[in-house]
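The structure appears below as structure tokens.
In UniProt numbering, the protein residues as written are 1 to 465.
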């Protein structure tokens, strides 16, 4: 589907803010996940707004001309969230990367949507502050993208997800109307919570142009390490017991033996060929007591080794191996390709069950299924590796993948804990939420974007894609 976007040339945009060049369009055809699956779609034009006024002008004109607009950030998404599914305009927000205001006494910062997550941490570091919910990709993904998918990461078990740290937003609706949500107050009971409505809406309701974020003080004590187990069931049971006991842990990450082998081949990281749990503790005092409590709990589950360190280099090596597992899986075998990125999340009591089920299905289907994830908040990342040239293997892989998602939902979980619905999880939306809730979502969409301008082909299962 192509659209005439020549009207963009009549808008008040600089020459370098608009491109119809094929090369520029190709770089905005897919996010990381869609690129791996070959699901890219060329937009008809790319625009780079630099102000809220630019965003408003482009959206109003696009709506008037019946042209869809797909917001684009860093392109690190995994569910095709930024794919211009019906062509039209790809709106690249990366130039809106300023720190608009900084109030360290209030633990707050106002930023543009295009700022990289780690840049926020660097900006506030001298005041002993940081932005806790950054995902593992925080050094390559933007705040706007994180807000769009309500991202979260390895520290969610202690600090929560991005939504918990957004106080307010400036955003532009499809018709060009600029709205402000929330406030600088820590709490408010004033009207509908539009902030939470826009967080996680994947650019289908509005385009975020500024965000007010809460910050936290950096902990004075940080200790990290790993626990190695004989079996994966022991590891997941230990995680559940630690979280249930309310051990004050900031990160508690699961890595199965297969994932460890993949990390070793990719990074030469020297991890043991065994199931393990990566740990990090944050505190201003009493961190050793929390570590010892965790050690005691893990010993009840036959932990083979429990190793802690306060050496920055050792800890960075450990977390690098965890951060780059997605790349390790991708490059493990040139003849195999991972299917869609698994991102299920379940209640913590069901975490041992969903991991066990994933590995059981791996054996039943005869395919490789590396499992890892943010165990402390019940999040399991998994990949199903298949030969893309083998139709029968592809069919088995799809069936295996779907069984894990359906099992997660059956035990009270979700099809996606942090990647969003995008294109990849649309088929599960009604099964997870019910027809009534999905209809309510559609009504909200129609109320704020009656012409369907913003990011069509996402979230809802029957939209043209």
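Ideal placement from N, C-alpha and C gives every residue a C-beta, glycine not left out.
Near residue 290, which residues of its chain fall below 8 angstroms by C-beta distance, leaving aside the five closest residues on each side in sequence? Take residue 290, set aside five residues on each side of it, and the residues of its chain with a beta-carbon closer than 8 angstroms to its own are 247, 248, 249, 281 and 283, in chain order.
So what does DSSP say about residue 162, is it helix, strand or coil? Shown here, residue 162 sits in a helix according to DSSP, grouped into three states.
Between residue 118 and residue 392, what straight-line distance do the alpha-carbon atoms span, to the nearest angstrom? Taking the straight line joining both Cα atoms gives about 43 angstroms.
Relative to the C-alpha of residue 111, which residue among 24, 93, 210 and 179 is closest? By alpha-carbon distance to residue 111, the top candidate from 24, 93, 210 and 179 is 210.
Supposed close pair residue 116, residue 76 - CB separation, criterion 8 angstroms: Incorrect: roughly 10 angstroms between the Cβ atoms, too far for contact.
Residue 133 versus 157, 114 and 127, residue with shortest Cα-Cα distance: Considering only alpha carbons, the answer is 157.
Look at residue 352 and residue 236 and say whether their C-beta atoms are less than 8 angstroms apart. The answer is yes: Cβ separation under 8 angstroms.
Please look up how many angstroms separate the CB atoms of residue 108 and residue 167, rounded, as I've assumed it's under 8 angstroms. In this structure, residue 108 and residue 167 form a Cβ contact; the two beta carbons are roughly 7 angstroms apart against a cut-off of 8 angstroms.
Ignore the nearest five residues each way along the sequence and tell me which others in residue 242's own chain have a CB closer than 6 angstroms to its CB. The answer, listed in chain order, is 294 and 297.
Once DSSP output is grouped into helix, strand and coil, what is the label at residue 7? When secondary structure is reduced to three states using DSSP, residue 7 falls in the helix class.
Residue 22 versus residue 204: straight-line alpha-carbon distance, rounded: When rounded, the distance between both Cα atoms is 25 angstroms.
Report yes if the C-beta distance between residue 397 and residue 386 is below 8 angstroms; otherwise report no. Yes. Within cutoff.
Quick one: any contact between the segment 262-274 and the segment 312-328, if contact means 3 or more CB pairs under 8 angstroms? Yes, since at least three Cβ pairs between the segment 262-274 and the segment 312-328 fall closer than 8 angstroms, the two stretches touch.
Let me check understanding here. Comparing Cα to Cα, which of 217, 101, 383 and 89 lies closest to residue 20? Relative to the Cα of residue 20, the nearest Cα in the group 217, 101, 383 and 89 belongs to 89.
Whole-angstrom distance between residue 403 and residue 193, CA atom to CA atom: Straight-line spacing of the CA atoms in residue 193 and residue 403 works out to 35 angstroms.
Here's the rule: buried if 16 or more other CB atoms are within 10 angstroms of the residue's CB, otherwise exposed. What is residue 340? Burial of residue 340 is indicated by the presence of at least 16 other C-beta atoms within 10 angstroms of its C-beta.
Anticipated Cβ contact below 8 angstroms, residue 304 with residue 229, distance rounded: Right, their Cβ atoms sit about 6 angstroms apart.
Which residues share a DSSP beta bridge with residue 467? The chain is shown only over 1 to 465; residue 467 falls outside these bounds and no answer can be derived.
CB of residue 95 within 8 angstroms of CB of residue 114, strictly: Taking 8 angstroms as the cut-off, the beta carbon of residue 95 is found closer than this to the beta carbon of residue 114.
Would a C-beta distance cut-off of 8 angstroms place residue 337 and residue 275 closer than the cut-off? With respect to residue 275, residue 337 sits apart: the two C-beta atoms are not nearer than 8 angstroms.
Would you call the CB atoms of residue 422 and residue 345 closer than 8 angstroms? No, they are not a contact pair.
Using C-beta distances below 7 angstroms, list every residue in its chain close to residue 425, excluding the 5 sequence neighbours before and after it, in chain order. Short of 7 angstroms from the beta carbon of residue 425, and not among the five residues preceding or following it, lie these beta carbons of its own chain, in chain order: 79, 415 and 416.
Top-ranked residue by Cα proximity to residue 355, from 380, 348 and 261: Looking at 380, 348 and 261, the one whose alpha-carbon comes closest to that of residue 355 is 380.
Which residues in the same chain have their Cβ closer than 7 angstroms to the Cβ of residue 401, if we skip the five residues on either side of it in sequence? Correct list, in chain order: 339, 340, 342 and 384.
Proximity to residue 213 [Cα-Cα], best of 254, 206 and 199: That would be 199, whose Cα lies nearest to the Cα of residue 213.
If we count Cβ pairs, one from each stretch, closer than 8 angstroms, do we get three or more for the segment 173-185 versus the segment 121-137? At 8 angstroms Cβ cutoff, the stretches do not touch.
In this structure, how does DSSP classify residue 219 when only helix, strand and coil are distinguished? Residue 219 falls in the coil class under three-state DSSP.
Between residue 84 and residue 70, which are expected to be in contact by the criterion C-beta below 8 angstroms, what is the C-beta distance as a whole number of angstroms? So it is a contact: roughly 4 angstroms between Cβ atoms.
Which runs of the alpha helix (DSSP H) at least 4 residues long sit entirely within the segment 345-392? Give them in chain order. Scanning the segment 345-392 for uninterrupted alpha helix (DSSP H) segments of 4 residues or longer gives 351-365, listed from N- to C-terminal end.
Helix, strand or coil for residue 84 per DSSP? Correct three-state label for residue 84: coil.
Taking the alpha-carbon of residue 408 as reference, which of 162, 143 and 349 has the nearest alpha-carbon? Each of 162, 143 and 349 was checked against the Cα of residue 408, and the nearest Cα belongs to 349.
Count the other CB atoms within 10 Å of the CB of residue 38; is the residue buried (16 or more) or exposed (fewer)? The residue in question, residue 38, is exposed, as its Cβ has fewer than 16 Cβ neighbours within 10 Å.
Using a Cβ-Cβ cutoff of less than 6 angstroms, which residues in the same chain neighbour residue 63 once the five nearest sequence positions on both sides are dropped? A distance below 6 angstroms between beta-carbons, with the five flanking residues on each side excluded, links residue 63 to the following residues of its chain, in chain order: 174, 175, 451 and 453.
DSSP state of residue 234 mapped onto helix, strand, coil: It is helical.
Which residues does DSSP pair with residue 225 in a beta bridge? According to DSSP, residue 225 shares a beta bridge with 279 and 308.
Kindly list the residues whose CB is nearer than 8 angstroms to the CB of residue 432, restricted to its own chain and excluding five residues on each side of it in sequence; keep chain order. Here the set comprises 409, 414 and 415.
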